[in-house]
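Residue numbers (the numbering used here), protein chains in the order written: chain A, 1 to 317; chain B, 1001 to 1291. Note sheet for the following structure.
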Amino acid sequence: MSTPAIEVRGLRREFRASQGLFAAPRRVVAVDDVSFSVPAGSVLGVVGESGCGKTTLARMILGLMEPSAGEVLVDGKRLDGMDRRARARLIQPVFQDPFSSLNPRRRVSDIIAMPLVAQSNVTTSEVNRRVAESLERVGLSTEQGTRFPSQLSGGQRQRVAIARALVLRPRIVVCDEPTSALDVSVQAQILNLLAELRRDLGLTYLFISHNLAVVEHVASEVAVMYLGRIVEKRESEALFRDPRHPYTRALLDSVLTPEPGLGVPDVGLGDIMPDPANIPPGCRFHPRCPACFAPCAATTPRITSLEDGLVECHLAG
Amino acid sequence: MSTLLQPAGASDRRRIWLNAGAILGAGIVGFITFVAIFAPLLAPYDPFAFDLGRRVIPPFWMEGGSPLNILGTDQLGRDYLSRLIYGARVSMIIGVATIITSGIIGTFLGVMGGFYGGKIDDAVVFAITARLSIPVVLVALAVAGFSGGASFTMVILVLGLLLWDRFAVVARSTTMQIRNLDYVAAARCAGCSPMTVLLKEVLPNIATHLAVVATLEMALAILLEAALSFLGLGVPPPAPSWGLMISEAKEYMFFSPWIIMIPGIALFVLVLGVNLLGDALRDMLGTDLSR
């Protein structure tokens, strides 16, 4: 089998929350021993509720945060310790909020040119040519390149962020909730643009979202995160048809249906909120699990391999 | 065709008032800057030339005034208008030199602390606290004592090296807000060096806040210069500083109150102008720096 485009091995991140001068700091494990790999040209969707560690995971992969343990490899090369320019050529981000991801004091073309300029071996004419090419690729006009971000709509701003991510022709694009700050009518356009670019440029996406419908639409594989761990990772179609982990099932059930009058669905998770500072023993999902039985509170479930993925549950296998 | 006509509500009246303040502030500061720059062309006499035969002549509109000296003469017979015009130079040079020096120091410290956090930030916060516990006038006194007398350069140095605290506080807090925004993260992912991130992403976005601080600090520096000169710790005679003019004339104030009122009013108008400009700038940017 060929080398995966991106491979993550045993990634872990702890935070220490100070509780004052004399109390011992609280340890918060945001991401706990996460491993996965994504073959070139495919899309791994990462889903989970707020606070499950999705964004921490993305920030570590992008090199914005030091992992406490573990490593990230792109094309078999380790990212940590790599020169920042070499890293920029391999992996680029698209962030959630296009209103905070673009510097309000710079023109659109300067924003898109930034990764090229940082490479410091690209000539000005080459920069201009590739910025123009990027603008066109994401469906923006040259005239829009001369504007400031405040003169663009949310969807256009997100196109600028995508153009900036693609101008270096990276291998991997980490999309951290790229559509959740946008109007519903614009979300589809951006998703289609991302899908088109992936096909045309052979990109590999790590697509983080809490929106299951979006993930189902774009991902070839889906990883479900709960309290810092991947509890189920399956091929997208199989996961949505036949979820194996009770948490995945609850997530799928929690999607609102378009029919009016049904109200908010009850998914049987109870009202205990997960707290990453206080992870339960045994299976970390057991206090909320509708299918909880004796071993769940006592022993940590092992990762069970399925023919189309992995699941971490005592009931599987 | 219909036009939307809004009634002149409270917010409109406020805006007009603000605009009036902004125009007045810019007008005052612009005028005094103009006077300071073209002082040699505008002053009717040499500000240092004294004539002991024509001492303490009141302004021309008062009894005993002379049309030769529009604002009268001081206790050594020097033309008061000329000294006032040259005094604008002292105030403006001290104000601008102070905000440049203290702005560079304060912005550097604040941006470093805000951007890097951790130990560096602890050191910056300590430096700010330490600075706030040093009284400016006492330092000026000590420096004047050690260096054997006050001088123009000494005033600039003392003020410039001491008035950076507000720059540091504002630069630090605004940098902390911007540091966590995604465009800084995007710049880091784009392979930009920390220096590029600071200069191109952080600084342009805190510059407007720093401009507001600069106006506050400039007003403070001008007042402090006047106070130091009044105490004999500032610009030494015979330089025509407004604070020194008040100080030198204070023996005459009971019989000729105009002699201290004229430089006093000049000082008040300039500080008012700078503050109005700062207020207008702050309201335009929607930032509130009042502490």
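Note that CB positions come from ideal geometry on N, CA and C, so glycine has one too.
Taking buried to mean at least 16 other C-beta atoms within 10 Å of its own C-beta, is residue 177/A buried or exposed?
In the first sequence, the residue the question calls residue 177/A occupies position 177. With 16 or more other Cβ atoms within 10 Å, it is buried.
Which of the three DSSP states, helix, strand or coil, is assigned to residue 247/A?
Taking the first residue of the first sequence as position 1, residue 247/A is located at position 247. It is helical.
Pull up the CB-CB distance for residue 193/A and residue 159/A, whole angstroms please, since I reckon it's below 8 Å.
Sequence index remark: in the first sequence, residue 193/A carries index 193 (1-based). Sequence index remark: in the first sequence, residue 159/A carries index 159 (1-based). Indeed they touch by this definition, with Cβ atoms about 7 Å apart.
Output needed for residue 236/A: all residues of its chain with C-beta closer than 8 Å, excluding positions within five of it in sequence on either side, in chain order.
Along the first sequence, one-based indexing puts residue 236/A at 236. Excluding sequence neighbours, residue 236/A sits near 45, 215, 216, 219, 220, 221 and 222.
Answer yes or no: do residue 1114/B and residue 1171/B have a C-beta to C-beta separation smaller than 8 Å?
Position 114 of the second sequence holds residue 1114/B. Position 171 of the second sequence holds residue 1171/B. Contact flag set, yes.
Using CA coordinates, which residue listed in 1268/B, 1273/B and 1244/B is at the minimum distance from residue 1090/B?
The residue you call residue 1090/B lines up with position 90 of the second sequence. Measuring from the Cα of residue 1090/B, the nearest candidate turns out to be 1244/B.
Tell me the DSSP secondary structure of residue 25/A in three-state form.
Translated into positions along the first sequence, residue 25/A becomes position 25. Of the three classes helix, strand and coil, the one that applies to residue 25/A here is coil, per DSSP.
With H, G and I counted as helix, E and B as strand and the rest as coil, what does DSSP make of residue 15/A?
Here the question's residue 15/A lines up with position 15 in the first sequence. Three-state result, residue 15/A: strand.
Using C-beta distances below 8 Å, list every residue in its chain close to residue 1200/B, excluding the 5 sequence neighbours before and after it, in chain order.
Translated into the one-based positions of the second sequence, residue 1200/B becomes position 200. Cβ neighbours of residue 1200/B beyond the five flanking positions: 1187 and 1192.
Would you say residue 94/A and residue 113/A are within 8 Å of each other, going by their C-beta atoms?
The residue you call residue 94/A lines up with position 94 of the first sequence. The residue you call residue 113/A lines up with position 113 of the first sequence. Against a cut-off of 8 Å, the Cβ pair of residue 113/A and residue 94/A comes out as no contact.
Whose Cβ in chain B lies nearer than 9 Å to the Cβ of residue 118/A?
The residue you call residue 118/A lines up with position 118 of the first sequence. Here the neighbours are 1187, 1190, 1191, 1192, 1193 and 1196.
Is there at least one Cβ from chain A nearer than 8 Å to residue 1287/B's Cβ?
Residue 1287/B sits at position 287 when you count from the first residue of the second sequence. Residue confidence for residue 1287/B is low, a pLDDT of 46 falling below 50, so the modelled location carries little weight; the figure read from the coordinates is stated next. It does not: the Cβ of residue 1287/B has no partner Cβ on chain A nearer than 8 Å.
Listed in chain order, which residues of the region 61-72 of chain A have Cβ atoms closer than 8 Å to some Cβ of chain B?
Residues passing the 8 Å Cβ filter: 62, 63 and 64.
Can you tell me whether residue 20/A is buried or exposed? The criterion is at least 16 other CB atoms within 10 Å of its CB, across all chains shown.
Within the first sequence, the letter at position 20 stands for residue 20/A. Burial call: exposed.
If we define contact as Cβ-Cβ less than 8 Å, is residue 50/A a contact residue for chain B?
What you label residue 50/A is simply residue 50 of the first sequence in a count that begins at 1. No, because no Cβ of chain B sits closer than 8 Å to the Cβ of residue 50/A.
Using the beta-carbon of each residue, which ones in chain A are nearer than 7 Å to residue 1181/B?
In the second sequence, residue 1181/B corresponds to position 181, counting from 1. Those are 100, listed as they occur along chain A.
With respect to 7 Å, is the separation between the Cβ of residue 313/A and the closest non-hydrogen atom of the ligand ADP below this value?
No copy of the ligand ADP occurs in the structure displayed, which carries no ligand at all.
How about residue 230/A and residue 34/A: do their beta carbons lie closer than 8 Å?
On the first sequence, position 230 is the one that residue 230/A refers to. On the first sequence, position 34 is the one that residue 34/A refers to. It is a contact, given that the beta carbons lie within the stated cut-off.
Going by other Cβ atoms of all chains shown within 10 Å of its Cβ, with 16 needed for buried, is residue 1079/B buried or exposed?
Your numbering for residue 1079/B matches position 79 in the second sequence. It is buried - the Cβ of residue 1079/B has at least 16 other Cβ atoms within 10 Å.
Could you tell me how far apart the beta carbons of residue 1277/B and residue 1103/B are, in whole angstroms, since I believe they sit closer than 8 Å?
Mapped onto the second sequence, residue 1277/B falls at position 277. Mapped onto the second sequence, residue 1103/B falls at position 103. The pair is not a contact, with the Cβ atoms about 16 Å apart (cut-off 8 Å).
Using three-state DSSP, classify residue 310/A as helix, strand or coil.
Position 310 of the first sequence, counted from the first residue, corresponds to residue 310/A. In the structure shown, residue 310/A sits in a strand (DSSP, three-state: E or B).
Could you list which residues in chain B have their beta carbon closer than 8 Å to that of residue 97/A, in chain order?
Along the first sequence, one-based indexing puts residue 97/A at 97. Simply 1182.
In the region 58-141 of chain A, which residue ranges form an unbroken alpha helix (DSSP H) of at least 4 residues, counting only runs that do not cross its ends?
List check, alpha helix (DSSP H) in window: 84-90, 108-119 and 124-137.
Here's a check: name, in chain order, each residue in its chain whose Cβ is nearer than 7 Å to the Cβ of residue 103/A, leaving out the five neighbours to either side.
Position 103 of the first sequence, counting from 1, holds the residue named residue 103/A. So the list reads 111, once near-sequence residues are dropped.
CB residue 183/A to CB residue 1182/B, shorter than 8 Å?
Numbered from 1 along the first sequence, position 183 holds the residue referred to as residue 183/A. Numbered from 1 along the second sequence, position 182 holds the residue referred to as residue 1182/B. Not in contact: residue 183/A and residue 1182/B (Cβ atoms no closer than 8 Å).
Please confirm if residue 1047/B has its CB atom under 8 Å from at least one CB of chain A.
Here residue 1047/B is taken as the residue at index 47 of the second sequence, counted from 1. Judged by the 8 Å Cβ criterion, residue 1047/B is not in contact with chain A.
Name the DSSP beta bridge partners of residue 31/A, please?
Walking along the first sequence from the start, residue 31/A turns up at place 31. In the DSSP output, where bridge partners are listed per residue, residue 31/A has 13/A.
Output needed in chain order: residues of the region 146-163 of chain A with a Cβ under 8 Å from some Cβ in chain B.
Going along the region 146-163 of chain A in chain order, one finds 161 with a Cβ nearer than 8 Å to chain B.
Could you give the distance in angstroms between the alpha-carbon of residue 306/A and the alpha-carbon of residue 32/A?
One-based indexing of the first sequence puts residue 306/A at position 306. One-based indexing of the first sequence puts residue 32/A at position 32. Residue 306/A and residue 32/A: Cα-Cα distance of roughly 22 Å.
Per DSSP, residue 225/A forms a beta bridge with which residues?
Here residue 225/A corresponds to residue number 225 of the first sequence, with the count starting at 1. For residue 225/A, which the question treats as bridged, DSSP gives the partners 230/A.
From what residue to what residue does the beta strand (DSSP E) around residue 45/A run?
Residue mapping note: residue 45/A aligns to position 45 of the first sequence, counting from 1. Its beta strand (DSSP E) spans residues 43-47.
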